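Beneath this line is the structure, given in structure tokens, with notes to follow.
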Amino acid sequence: MKKILEVRGLTKIYGSGCPRCISATGPAHDTNVCPHCGTVVAAHDVAFDLHEGEILGIMGESGSGKSTVVKTLFFDDKPSSGSARFHDGEQVQELFDLNPAEQRWLRNHKFGMVYQNPNLGLNFNVSAGGNIAERLLMNDLRHYGDIRDRARQLLARTEVLSNRMDESPKRFSGGMQQRVQIAKALATRPPLLFLDEVTTGLDLSVQARILDLILEIQQELNTAMIVVTHDLGVIRLLAGRTLVMKYGRVIEAGLTDQILEDPQHAYTQRLVASAL
Amino acid sequence: MGYVAIKGGADAINGAERAMEILRTAEGEQGEPLTLSAIEHQLRLLTSRVVSEGGLYHPKLAALAIKQAQGDTLEAAFALRAYRSTKPRLLETPPQDTRKMRLIRRISSAFKDIPGGQMLGPTFDYALRLMRLDLATERPEDFRKIAGSFLARSPNAPVADSFPKVVDTLRAEGLLPPLHSRQCDPFDVTREPLVFPVPRSAALATMARAETGSLLAIAYSSMRGYGDIHPTIAELRVGYLPIELPHPVTGEMTEAGEVLVTECEVVAMYEADSAGKRPTFTLGYGACFGHNEVKAISMAILDRSLQKGMADGPANPSEDPEFVLLHVDGVDAMGFASHYKMPHYVTFQSDMDRLRTTQKAHDQALEPSPHQTERAAQ
Amino acid sequence: MNSSYELPLDEADYNFGFLDEYAKREIRRAILKSICIPGYQTPYASREMPMGRGFGTGGLQLTLSLAGPDDVLKVIDQGSDDSVNAVNLRQFVSLTCPGLTTTTHTSDATIIQSRHRIPEQPLNESQVLVLQVPYPDALVVVEPSEARRKAMHGEGDYSRLLTKLYEDIVKFREITISHRYPTRINGHYVIDPSPIPRYDVPQLNQSPALTLFGAGREKKIYAVPPYTNATPLAFDDVPFRTEDFHDDRGERIACARCGSTRSFLDELPLADGSKRWQCSDTDYCDQQLQLKSGTLTGARQ
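Taken in order, these protein sequences are the chains called G, Y and Z. 129 is the number of the first residue of the first sequence in the numbering used here; add one for each residue after it. 13 is the number of the first residue of the second sequence in the numbering used here; add one for each residue after it. 4 is the number of the first residue of the third sequence in the numbering used here; add one for each residue after it.
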């Protein structure tokens, strides 16, 4: 399989930083706050590869740094250090060296993001169809009829009733809002999709249908995905490989089946045991 | 035909000018033209507003502006600003030290007593707002009587030339952060446009010229809870500030005159510092030409709330530099409000075209198909 | 307050063009920058003028910094030389620029300052059109923060503006923007072309004359240089449309005064409930009347 993303040494700290920040934080110290200078080490030295059509899970509780990783890759936040190489056909892009305009171009054309909070991913002041149109318009599509057809197809694919496409998603249920977000993210058929706690807070039956949809899309479009979650069930269902994070560090990485069958780290063992 | 050509613009403008003039002088023969001196002295707080909002310290010109604007503060400040536009700037005023102010009033609400002492001075703060009917028939003799009794009751002890500042005391104790040396030249809002983000000095300069009511309204929103900064007035002072300028030949700082200013420093609550620095109170600063305490206090509160917004991102309108600074200028705001009175025939024609076309499209979509009409008829 | 402040001795002694020379130089620099970057909103320290913000102070500052004693100025408002604001501005420029002449004829003018209209008669290379601008930024309808709008312009990110057009068509089956129609200049910056009707927007495209836009209150100057593309935003299948002046039978309405069927019309409601239509551009209307009567002078009513 072809590599699509290589992440090395990804680090993000919030604060002034000091020489002892790294050695004084992490799972061994039970904290991600440096006791010497108060800096938060949100993520340190995160490294992984992602292949075409693969789903990588990043699991951890809040404060583990899992969302930080995705936010830096989607350019919502700047990393403190590290590199991320994105393979786009024959081209290789060093994500963190790009200027804001190039980053925005990649976000619009090659990446998709589904946030836990639909407020972040959707514009509630325009219709569901308009949300998808916006993304298509970013991609220089200029035919109103084509844009509408495409929006209708995408919403149908994500099981949003097409007769509601001209309504604001503000009035939709939580599950429906996530479907619109997914449709919007998929509008440009991006090779890489980020999903940040997309089913958190939804009813179990709604969760199951959204997860099914994500799997179907992955199979149909061969989209590579990074799924961030604290939910072992989501990882089990979606992710082929998984990183487990705690206090800003990756403490375990490997095939999801292996991690679930034979967790090495005490923290992962507790997680798996409690989920059973 | 009921058609009137849109003509005669020049005549109409001249007529408007004459109509304004006749209203200004409508008292008729008994009327006495207001003297500039009467405006400057008897309407001193009005003059204060105009010099500060006009951004030009010239009380006599301000009095003239008030007279010709028939008392409208916005118009008067506007005239001063336009006058200022015609004058080249010959010199940049270096920062002045307000410790050297010759005070007429000075209070602190933070301490019962302060080095140098509290000085209530001229204020309406504790006056009863009852109608003073005796003023309705005041004569020049009354003025003299008031002056005489004021002088007779003045204490003999001389007032000190300058007073220490309350914030210096707080600073010495470490309750306020130390002053850091000037990092950049002050931003001149009359020479540079505001391109956001702007430095604090640009915010201060903009607010120093701002319309009093606008500043008050936004500051009041902060006081009421849209982002309360919990202010305490460390010191409010009113007095004459000597202006020192470099001597044109020797370059030595030389006193060139003095201006009446109001200055306010508020101390606001401390905040947890993520960088682990020692917590201290924070400071908000307000100052304006003339005697205008509400403006200085509002400005000080907004200075503090804007600093918060500049550091952490705005959580309330009063913390948003763009929102505050682009909406407090009286000349800008009144000009735009007035411009709606100008003809908008062409744009309204466009508006009507869009609405009619939209209505047509709407009606066509609602028009029942022949099949439906048939069924309705049955 | 202080007795030492005396009134200036002679208030009538203003500099040529009212503004001091430093101010005019700054404005000319901003103009040059705007021409170099077509459609870019150049910030400048707009001065207070003796008329209200919103009455054309931005346009006026441009005119005053460009005008010399040998210039011929035309000032119009709503297409008319005689509307109150145009008269006011023209008088002020005449007063402060000794030697400058004024005209109502579009073809004679070297500088044309206008509010809400572009003259019907095509302009030539030796003319400068100065438009007065209340809102300089086309993005303001979708983004209130100027700092964020600046980034959007820099990256040529107009998707949210286009989404507004999409939403318009969804809701009304029409693009409802009537004037201030967002127009892309030279393939990059989208400008607010000032509140000219859509009818006038095509005149900006490849115009031989330089068009300058001045927003006094918002402190911005921008330009459409001569022979530059100006493309109104639209969809491939929902084209940009100008105001429609056809009656119910589909016939083009003619000006009741000069009979022209090729001008932007003012609609005037009459007391009996009917309407009268007349050219908005008074100079054009006069020219048409003169052409009709075969005279070249004295046709003004």
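We treat Cβ as the ideally placed atom computed from N, Cα and C, and that holds for glycine. All values reported here derive from a predicted model rather than from experimental measurement.
In DSSP terms, what Z/ASN2 is bridged to = A query on residue 2 of chain Z cannot be resolved here, the shown segment of chain Z reaching from 4 to 304 and no further.
Could you say which of Z/HIS119, Z/LEU168, Z/SER97 and Z/PRO41 lies nearest to G/SER255 if we only look at CA atoms?
-> Z/LEU168
Using the Cα positions of Y/ASP197 and Y/ALA217, report the straight-line distance between them to the nearest angstrom.
-> 12 Å
So, helix, strand or coil for Y/GLU397, using DSSP?
-> Outside the modelled stretch of chain Y, which goes from 13 to 390, sits residue 397 of chain Y, for which no answer is possible.
Tell me whether Y/ASP125 is buried or exposed, calling it buried when 16 or more other Cβ atoms sit within 10 Å of its Cβ.
-> exposed
In whole angstroms, what separates the C-alpha of Z/TYR17 from that of Y/ARG36?
-> 27 Å
Among Z/THR264, Z/ARG244, Z/VAL241 and Z/PHE238, which has the Cα closest to the Cα of Z/ASP250?
-> Z/THR264
State yes or no: is the beta carbon of Y/GLY83 nearer than 8 Å to at least one beta carbon in chain Z?
-> no
Chain Z contact for G/MET241 (CB, 8 Å cutoff) = no
What residue range is occupied by the uninterrupted alpha helix (DSSP H) comprising G/ILE387?
-> 384-389
Since G/LYS374 is in the beta strand (DSSP E), which residue starts that stretch and which ends it?
-> 369-374
Roughly how many angstroms lie between the CA atoms of Z/ILE194 and Z/GLY42, to the nearest whole one?
-> 6 Å
Buried/exposed call for Y/ILE158, threshold 16 Cβ in 10 Å = exposed
Find the residues of chain Z that neighbour G/ALA284, judging by a C-beta separation of less than 8 Å, and give them in chain order.
-> Simply none; closest approach about 17 Å.
Given a limit of 8 Å on CB to CB distance, which residues of the segment 103-114 of chain Z reach chain Y?
-> none
Using a threshold of 8 Å, state whether the C-beta atoms of G/ASP324 and G/SER144 are closer than that.
-> no
Leaving aside the five residues before and after Y/LYS79 along the sequence, list all residues of the same chain whose C-beta is less than 8 Å from its C-beta, in chain order.
-> LEU46, LEU48 and ILE51
N- and C-terminal bounds of the alpha helix (DSSP H) containing Y/ALA159 = 152-165
Hey, Y/THR98 and Z/ASP23: beta-carbon distance below 8 Å or not?
-> yes
Closer than 8 Å to chain Z by CB, G/ALA315 = no
Please list the segments of the beta strand (DSSP E) lying wholly inside the segment 217-284 of chain G, counting only runs of 3 or more residues, in order along the chain.
-> 219-222 and 239-242
For chain Z, is any of its Cβ atoms less than 8 Å away from the one on Y/HIS242?
-> no
Would the segment 91-106 of chain Y and the segment 64-72 of chain Y be scored as touching if the rule is three or more Cβ pairs under 8 Å?
-> yes
Which residues in the same chain as Y/ALA327 place their Cβ atom closer than 7 Å to its Cβ, once the five residues preceding and following it in sequence are excluded?
-> GLY239
Could you give the distance in angstroms between the alpha-carbon of Z/ASP85 and the alpha-carbon of Z/THR66?
-> 18 Å
DSSP on Z/ALA226, reduced to helix/strand/coil?
-> strand
Give a yes or no on whether the C-beta atoms belonging to Y/LEU253 and Y/GLN130 are separated by under 8 Å.
-> no
Taking all protein chains shown into account, do 16 or more other C-beta atoms lie within 10 angstroms of the C-beta of Y/GLN371, making it buried, or fewer, making it exposed?
-> exposed
Can you say whether G/GLY342 is buried or exposed, counting buried as having 16 or more other CB atoms within 10 angstroms of its CB?
-> Contrary to the premise, residue 342 of chain G reads as Ile rather than Gly in this sequence. Buried, since its Cβ has 16 or more Cβ neighbours within 10 Å.
Which value, in whole angstroms, describes the spacing of the CA atoms of Y/ALA88 and Y/GLU33?
-> 16 Å
Scan the segment 137-214 of chain G and note each continuous beta strand (DSSP E) run of 3 residues or more that stays entirely inside, going in chain order.
-> 168-179 and 183-187
With a CB to CB cut of under 7 Å and the five nearest residues on each side skipped, what residues in its chain are close to Z/ARG50?
-> LEU22, ALA26 and GLN64
Hey, does Z/TYR25 have any beta-carbon neighbour from chain G nearer than 8 Å?
-> no
Can you grab the Cα-Cα spacing for the pair Y/ALA373 / Z/VAL145, in whole Å?
-> 25 Å
Taking Cβ positions, are Z/CYS100 and Z/PRO125 nearer each other than 8 Å?
-> no
Closer than 8 Å, CB to CB, is Z/MET155 near chain Y or not?
-> no
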